[in-house]
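Notes follow the structure.
Protein chains in written order, with this note's numbering: chain A, 867 to 1163; chain B, 867 to 1163; chain C, 867 to 1163; chain D, 867 to 1163; chain E, 867 to 1163.
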């Protein structure tokens, strides 16, 4: 087991440290771990993601679920944050997602346009901002330009910056795909090199080797892969993403491996709210059992 | 029947609430519903739209028709607003349409360039601004960039923002088309996620399933579809568009279904002014009969 | 005959009205009509346009010709205005053409880049600015963006804005061509919707029907076509362009039809200066005979 | 012989006149003619241009040569100007070349990016700035945008603007090529229409007619062609470029024809420094013999 | 042997001279030579570069190695500089690398987007900034635009600017490749023409002649080639890059040839840290033996 870093060891400025402390030690399990509830899928995929549980189409339902489930924060786009967060403002931390896109056009040249600013997050009382960086996209120039403005503003306002480090685009597809060990490992490193405070990654798949560099064609266990990813992120805190809804036991095992590897926490959306209300809370409780075993030193 | 939201429940700032109250409760039927008269077709399609009723080519005729018909507002581009609204300023609210394009080049990469600013709307005494967002266009990056500036300015000036949420572009064509239930539902959600106050949608066609995600291939009635769309828009008020002139009974039935579903109102242009003057007013009266049955609580 | 609008009916601000009054009532025939001498062909087509009358290559010759011929204004690009207008400044009004391009590369994606600002026009004592808008070009986004800045500056400085509304680009070619009735009519409307004070159009050709919308495939006389174009321009004053040099009687007949339709005047360049000096003045005199018959009310 | 214009006839502002006077009357032959030494070939073509005379690779050598040869100015890019001009600052005027590019990628869409500003030129004590305008390039929009900023800054600082008016790009290649009479004549005109103070052109080749407009397919002598080019430039002073090193007698004859036609001077680089030191000075002396015969009035 | 230039001969402003003096005379061998440790490969190539020596994945390890090995500076991207440099700030100089990219998408149109500013470097106490310029890329326009801002800021803050002058892109590939003598020589010249203070080049390969200009097809020894490159860089200090890890004796010979040619120093990353800790230090010691033989005058 890798010892997770304490936020005092990350070289953070005062504002970022204050807000990360609030997220990790004054919400959720209050033990330095984190469980976030992302809710931008209505924008990223459309309302189809809510057909499995129509109640989840209502942002009020989601914000309440985040409170009931004891999440460390709920992630919203600007429109929903402005319309729905006021009712519960302060009860659960807000992570304002700053960029996003629809999945209607092809993703060969994936880019997630910025919709809101760090200043919007400050105005709405958010405790962190989220930015999707499509690592490896042929249009990385425009992505990095957007990102740079966000990073600079986040520093100026002392706002923690969570980077959704997603390998994406035509070149990624030809080199093992978006969740290969190679791509996830590279993405974690890029987020760190570019100044993310927290990085959200998909769980790496070491068995996806076709087209990856020689170094990644050796045999690695999932545990070894996620440990390497956390290592590549070095002083950037790692959140592991749930992705599409999958079997519970498999998800819980990945969660356990992630925490074991030194990840700070989990960010699970569809796996949580694409089921009936009480069942969601039961699944959350099981995730929290794992998080409870990995408190920060 | 879905209960329509009161504007006090939308989390609006003071200026936006004041102007929306004026539009919905001090004009038209004054019962919280809305009937808007859009008049940007001369720009979007060219003068050919006026051949059916040449009088409609004259903006004075249209502004007078909006007053005579008791509309909640008339929608104009900047040039016509500057040249023709002064004569009747104050008698009928102005919605300044901020972007637009000609339909001469192909729409595969549809983008509607901004022509005027929210500050122009303030200067002209408008009560709302309109923005066409081409949901799903391959150039969504540039669309969102424009939109973001408009949204920010609208907040700064307390100006209600009506989003023409139109699925468009090459990818939409391959996924059920611009008025499929899938596309309209997604578009309504995007407008809400991105902070529209009011969203203008086309009436959804649940029978257009080819190429849509699996969730939309089940059977839905038109009533179910429009209810879902209003639900996806959540705290964003919904206006249903008339589109091309069609049979009156079919249009009236769609209007009734929309209001029944919780839409706030209608925005009908060609269906109104592509007919002789008195006939236009008679059709408007029939629309208002429907609106009268669905007052806000 | 359509009654031409008086400039008091156009909803103009003080500065624009003052300058238009000067152009239309204190120069030329001083009867509310206009005859402009455009001289940007050296840039748009190159010096080849001067081979028919080499004297016309010299900007001094042209400015003097505008004075001798009693024109309402001479149209120059920034370089020539700075080098040659000083000598005669005040004797004939200057229209500063703000954008332009060479015709060397293909025009499929025609765009006319801005070379000078409205502030340059103010500095040089111009009484109007000119902007070429390529209606229907696939790159209308960039064209509109440029135009918007010009329109805003023209409002700020009270400077009349003359739009060269030219259908152009690959899509126009497939829909009847640049001087079809359809294209010219649409272009006049676009200029009006986007806030031009004056619009320069080519004389419409109703016989060019291939590829145009159904509404334009009926039979129209040239007189009917130009009347419709003036109608589409509504409160935007219309100048009809001479275009390439053609037979005098045909040109004069078009001029007569244009004024009869309610156009404010003519803008003739090559038809004037692509002939020997005295012959130019004789042709100008014949144009003025026509203009004299159509004074403003 | 065309009489060359005096700089008092060009409509120049005070600062531009002061600096041009210094260049033309206080350096070189001090008779109103000019001989410039351009030295940006290391950037435009790479060090290969120095293989014929390795000493020329050293910017010190070139600046000294400009002084020894009695040039009216030496042309440098920002990096060399900052590193090498200090040593001899004031002894020979500096023309700061503001844009440039490598010739490694293809030139179909030629554009010369700006590397330095007019303010840099002011700071370094330069007496003029140089800008390469690729007339006829398909990307003229971006070229003109850059140029416009340079022109505006040059006016603001009273800094003479020398335009390298070079026909270039895929469309030029198909219309007679970069040094056809047609292309050179058009380029000279464009520079003048867009406000250059001085234009650098290649010597026109009237025998290159394939693909040029009809007007240029008649027979013209080289002398007629260069006279027409100087005429198209009207009040813009003309410098004729040497281009690639060629036979001395041919070069001298072109120089003589250019001055005879009214050009202000010559700008010869490779023809000067691609030979041994003393031979360079002898060639320069022969050029100056020609310039001495054409003093300004 | 070419005599290396003293930094007093480079025409530097005070701030740049102060910082270069610190780098070259107060760190490393303190004899005017330099040995830098670059560490941006985790971003440029991904974590795979650390598989040969996993300890090198940890930025702390690298910064400590730079101190232990007596390097003149360590090169970091903004994220790692912010997270890891504080611990050792002042003990070894920081070179902040301002741009970078992943190697996932193809490099035909290579461009290295800017991630941080010169002001960031000032804030972090860096003594120089690094910028990768892809000489010959088809998108040189965007590269030069970025570079120009960096150069201007570096001047404003007196911050030495080290240019990674890398031939790259589709056109380079067809003209001898990125490390041909032709390409490296051209790149060194471009950096100098554009105002770099220090240029980092790859060691030139005179045997790669296919597709290069005629001048480079003659026979040159490696020693002649590197001497020519240093000559082309003229008053720009030259650092020779190690590139991929290769045989030690070959690397040391290239290092010796470079210093002999007048280069100021070496910048070796993978050749240093892609081996076990003590072995790294032994290799560094051998490099320093060479540097010790070439002190500045």
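Backbone N, C-alpha and C define an ideal beta-carbon position, used for all residues, glycine too.
Under 8 Å by Cβ, that's how I've got residue i and residue j pegged, so tell me the actual separation to the nearest angstrom.
i: residue 1056 of chain B; j: residue 968 of chain A; result: 6 Å
i: residue 1110 of chain D; j: residue 1148 of chain D; result: Not quite, the Cβ-Cβ distance comes to about 20 Å (not below 8 Å), so this is no contact.
i: residue 913 of chain B; j: residue 1098 of chain C; result: 5 Å
i: residue 1153 of chain C; j: residue 1127 of chain C; result: Contact doesn't hold; Cβ gap of about 16 Å is too wide.
i: residue 998 of chain B; j: residue 965 of chain B; result: 6 Å
By a C-beta neighbour count over all protein chains shown, 10 Å radius and 16 as the cutoff for buried, is residue i buried or exposed?
i: residue 1093 of chain E; result: buried
i: residue 880 of chain D; result: exposed
i: residue 1030 of chain B; result: buried
i: residue 1040 of chain B; result: exposed
i: residue 870 of chain B; result: buried
i: residue 1021 of chain B; result: buried
i: residue 1159 of chain A; result: exposed
i: residue 1161 of chain D; result: exposed
i: residue 1129 of chain B; result: buried
i: residue 1009 of chain C; result: buried
i: residue 892 of chain B; result: exposed
i: residue 939 of chain D; result: buried
i: residue 1113 of chain C; result: exposed
i: residue 957 of chain C; result: exposed
i: residue 1007 of chain B; result: buried
Excluding five sequence neighbours on each side, which residues of the same chain lie with their C-beta closer than 8 Å to the C-beta of residue i?
i: residue 1035 of chain C; result: 973, 974, 975, 976, 1000, 1002, 1003, 1004 and 1005
i: residue 888 of chain B; result: 959 and 993
i: residue 1086 of chain A; result: 1047, 1072 and 1094
i: residue 1105 of chain D; result: 900, 902, 1028, 1064, 1065, 1066, 1067, 1129, 1130, 1131, 1132 and 1133
i: residue 1082 of chain A; result: 1042, 1046, 1047, 1048, 1051, 1072 and 1075
Flag this pair as yes or no: are the beta carbons of residue i and residue j separated by less than 9 Å?
i: residue 1080 of chain D; j: residue 1025 of chain D; result: no
i: residue 944 of chain A; j: residue 886 of chain B; result: no
i: residue 1068 of chain C; j: residue 1051 of chain C; result: no
i: residue 963 of chain A; j: residue 876 of chain B; result: no
i: residue 1054 of chain A; j: residue 1096 of chain A; result: yes
i: residue 925 of chain A; j: residue 946 of chain A; result: yes
i: residue 905 of chain D; j: residue 928 of chain D; result: yes
i: residue 955 of chain D; j: residue 931 of chain D; result: no
i: residue 985 of chain A; j: residue 937 of chain A; result: no
i: residue 970 of chain D; j: residue 1016 of chain E; result: no
Please list, in chain order, all residues of the same chain as residue i whose beta carbon is under 7 Å from its beta carbon, the five residues on each side excluded.
i: residue 1102 of chain E; result: 1057, 1058, 1062, 1063, 1064 and 1065
i: residue 1091 of chain C; result: 1047, 1070 and 1072
i: residue 828 of chain E; result: Summary: the structure shown does not reach residue 828 of chain E, with chain E confined to residues 867 through 1163, and so no result is reported for it.
Tell me which same chain residues have a C-beta within less than 6 Å of the C-beta of residue i, skipping the five on either side of it?
i: residue 1043 of chain A; result: 1074
i: residue 922 of chain A; result: 916 and 1139
i: residue 1077 of chain B; result: 1040, 1041 and 1042
Tell me, please, whether the CB atom of residue i is closer than 9 Å to any CB atom in chain H?
i: residue 882 of chain B; result: Absent here is chain H; the protein component of the structure consists of chains A, B, C, D and E.
Every unbroken alpha helix (DSSP H) inside the segment 896-932 of chain E [4 residues or more]
Within the segment 896-932 of chain E, the complete alpha helix (DSSP H) runs of at least 4 residues are 907-910.
Just list the alpha helix (DSSP H) runs in the segment 1027-1095 of chain D, keeping only unbroken ones of 4 residues or longer that don't cross its boundaries, in chain order.
Note on the segment 1027-1095 of chain D: whole alpha helix (DSSP H) runs with a minimum of 4 residues are 1036-1039 and 1047-1059, in chain order.
Report the start-end ranges of each beta strand (DSSP E) in the segment 949-1012 of chain B that is 3 residues or longer and not cut off at the edges.
Entirely contained in the segment 949-1012 of chain B, the beta strand (DSSP E) runs reaching 3 residues are, in chain order, 960-963 and 994-1001.
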